[in-house]
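Chemist: The sequence shown runs 4 to 40 under our numbering.
We treat Cβ as the ideally placed atom computed from N, Cα and C, and that holds for glycine.
Dumping the structure here so I can ask a few things about it.
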Amino acid sequence: CDFLLKLPMAGHVASLNAATAGSIALYSLWRRRAQQS
């Protein structure tokens, strides 16, 4: 594994599948880049 990514979650969700976690991570990156522009 080259790096680890932590997605804080509220509620009783123990884990997410890879597609959902990847979608959340990409959205977060996109949102940060949009705010910097």
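1) When the distance is taken between beta carbons, is A28 closer than 7 Å to L8?
2) Which of the three DSSP states, helix, strand or coil, is assigned to G25?
3) For a test of the three-state rule: what should DSSP assign to S31, helix, strand or coil?
4) Can you name, in chain order, every residue of its own chain whose Cβ lies under 7 Å from the Cβ of A24, other than the five neighbours on each side?
Modeler: Working from what's here:
1) Yes, they are a contact pair.
2) In the three-state DSSP reduction, G25 falls in the helix class (H, G or I).
3) Correct three-state label for S31: helix.
4) Same-chain partners within the cutoff: L10.
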